[in-house]
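Enquirer:
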Amino acid sequence: MPVSDHQLIDAWKQVLTLSKLEAGQTVTLLTSSATHPQTLACALVATQQMGAIVNRLDLPPVNAEKALSRDSLAYLGTTPLTGNRAAIAALKASDLVLDLMTLLFSPEQHAILSAGTKILLAVEPPEVLVRMVPTLADRARVKAAAARIAGAREMHIVSAAGTDLRCRLGEFPAISEYGFVDEPGRWDHWPSGFALTWPNESGTYGRIVIDRGDILLPQKSYVSEPLVLTVEGGYATKIEGGLDAELLSGYMDSFKDPEAYAISHIGWGLQPRASWATLGLYDREATIGMDARAYEGNFLFSLGPNNEAGGQRTTACHIDIPLRKCTVKLDGQEVVREGKVLDNEEVANAR
Ligand SMILES: [Fe+2]
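Following this line, the structure appears as structure tokens:
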């Protein structure tokens, strides 16, 4: 169902207020050919109503001939900002960039954030943005989970379907994604609601079973029969199963890059307003699947780069896979039990 401009402007104002936007600050809206017109129009109204100095920077898309899909996360690497000094300078000189284009996983994004500029990505359809407009409670919950990850040396994930994966931690920071940017140099994504980190280089071993009903992204499909990933030394060394396994392998092989098979970020979903079921209701080109990434109690793991966390590995291929019904343990302590996030008291009693 469509949302009214009134609702979306209010949602933008809530996000911008949580992001501490002040009158007189400079906001640049980064747009491209896939930017949603209502999201852009309402962002322009909300930022101006809040007294910001507002720019729009529209850049032509890149990588279409290399990507196998129109999803903005399907091919990482060069961006419309690569080598574009004038655009980078404009973004660095802004207090806040509203990324309605998808600049994720690029050195240019790092350079802009290092200048103190905040970046908020917002590319999901308007009704998804409105349903998952972030709150301070989202932040508190995600920060608490990230603090647990930051203090742990091992994440161990098991499931009745057969997952048994151990990830050593400590080399990379714990990241909170709660949907707004309240500190200088912060990046976030509206909508979101999850805590994550990256395992140590070569530090992941075991088996991942992607069970029936689990979701592959950017395929944006529900798996119909289990896939089994064997993980050794930080890489998926075998992908076995039926047609879904062949489709995943076929897609990943097309990048001809061994780094595509590395275990990338790991964490769990904490967003109660996100839904596992939503993806089945959408045309696949209408969403990038943030419901699937953020729904409460998933174990979200990914395959691909770790440069976003400060690691050395880059690859154009990035797969996100949220699993249902997993138990996640940090240094032996359960934090998610069979797909249910445990609250503080439950964690304390779960030894
Ligand atoms: Fe990812």
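Numbering (the working numbering), first residue to last: -8 to 342. Note that CB positions come from ideal geometry on N, CA and C, so glycine has one too.
Pairs of beta-carbons, one from the region 138 to 153 and one from the region 301 to 321, closer than 8 angstroms: are there three or more?
Expert: yes
Enquirer: Does ligand 1 have a heavy atom nearer than 8 angstroms to the CB of residue 64?
Expert: yes
Enquirer: Quick check on residue 267: does DSSP put it in helix, strand or coil?
Expert: coil
Enquirer: Examine ligand 1 and report whether any of its heavy atoms sits within less than 8 angstroms of the Cβ of residue 183.
Expert: Residue 183 has its Cβ no nearer than 8 angstroms to any heavy atom of ligand 1.
Enquirer: Count the other CB atoms, across all protein chains shown, that sit within 10 Å of the CB of residue 109; report buried if there are 16 or more and exposed otherwise.
Expert: buried
Enquirer: Using the C-alpha atoms, what's the distance from residue 312 back to residue 203?
Expert: 12 angstroms
Enquirer: Name the two residues that bound the continuous alpha helix (DSSP H) containing residue 279.
Expert: Counting along the chain, residue 279 sits inside no alpha helix (DSSP H), nor does DSSP assign it H or E at all.
Enquirer: Secondary structure at residue 306, three-state DSSP: helix, strand or coil?
Expert: coil
Enquirer: Rounded to whole angstroms, what's the CA-CA distance from residue 302 to residue -5? Just pull it up for me.
Expert: 42 angstroms
Enquirer: Suppose only complete runs of 4+ residues qualify. What are the alpha helix (DSSP H) ranges in the region 114 to 179, listed by chain order?
Expert: 117 to 122 and 127 to 141
Enquirer: With H, G and I counted as helix, E and B as strand and the rest as coil, what does DSSP make of residue 241?
Expert: DSSP, reduced to helix, strand and coil, places residue 241 within a helical segment of the structure shown.
Enquirer: Fully enclosed by the region 183 to 263, which beta strand (DSSP E) runs are 3 residues long or longer?
Expert: 185 to 188, 195 to 201, 218 to 223, 226 to 232 and 254 to 260
Enquirer: Near residue 6, which residues of its chain fall below 6 angstroms by C-beta distance, leaving aside the five closest residues on each side in sequence?
Expert: 171 and 181
Enquirer: Which two residues bound the contiguous alpha helix (DSSP H) that contains residue 9?
Expert: In the DSSP annotation of this structure, the continuous segment of the alpha helix (DSSP H) that includes residue 9 starts and ends at -4 to 9.
Enquirer: Assuming contact is defined by CB atoms lying nearer than 9 angstroms, are residue 220 and residue 227 in contact in what I supplied?
Expert: yes
Enquirer: So is the beta-carbon of residue 180 under 8 angstroms away from any non-hydrogen atom of ligand 1?
Expert: Residue 180 Cβ: outside cutoff for every heavy atom of ligand 1.
Enquirer: Check whether the region 114 to 125 touches the region 46 to 53, counting contact only when three or more Cβ pairs, one atom from each stretch, lie closer than 8 angstroms.
Expert: No, because fewer than three Cβ pairs between the region 114 to 125 and the region 46 to 53 fall closer than 8 angstroms, the two stretches do not touch.
Enquirer: Locate the alpha helix (DSSP H) running through residue 83, then write down its first and last residues.
Expert: 76 to 83
Enquirer: Report the rounded CA-to-CA distance for residue 266 versus residue 124, giving the unit in angstroms.
Expert: 14 angstroms
Enquirer: Give a single yes or no on whether residue 311 has its beta carbon closer than 8 angstroms to a heavy atom of ligand 1.
Expert: Because some heavy atom of ligand 1 lies under 8 angstroms away, the Cβ of residue 311 counts as near it: yes.
Enquirer: Give me the Cβ distance between residue 230 and residue 314, rounded to the nearest whole Å; I'm assuming they're in contact under 8 angstroms.
Expert: So it is not a contact: roughly 15 angstroms between Cβ atoms.
Enquirer: Just the Cα atoms here: how many angstroms apart are residue 286 and residue 270?
Expert: 11 angstroms
Enquirer: What residues are listed by DSSP as bridge partners for residue 47?
Expert: 20
Enquirer: When we look at the beta-carbon of residue 335 and count the other beta-carbons within 10 Å, is it buried (16 or more) or exposed?
Expert: exposed
Enquirer: Near residue 251, which residues of its chain fall below 7 angstroms by C-beta distance, leaving aside the five closest residues on each side in sequence?
Expert: Closer than 7 angstroms at Cβ, skipping near neighbours: 243, 294, 295, 306 and 308.
Enquirer: How big is the Cα-Cα spacing for residue 46 and residue 174?
Expert: 21 angstroms
Enquirer: Do residue 366 and residue 18 have their CB atoms nearer than 9 angstroms?
Expert: Given a span of -8 to 342 for the chain in the structure shown, any question on residue 366 remains unanswerable.
Enquirer: Give me, in chain order, the residues of the same chain whose beta-carbon lies closer than 6 angstroms to that of residue 187; leave out the 5 immediate sequence neighbours on both sides.
Expert: 166, 256 and 258
Enquirer: What residue range is occupied by the uninterrupted beta strand (DSSP E) comprising residue 38?
Expert: Looking at the DSSP string, residue 38 is not in any beta strand (DSSP E); the run it does join, the alpha helix (DSSP H), is 28 to 40.
Enquirer: When the distance is taken between beta carbons, is residue 169 closer than 9 angstroms to residue 211?
Expert: With respect to the 9 angstroms criterion, residue 211 and residue 169 are not classified as neighbours on the basis of their beta carbons.
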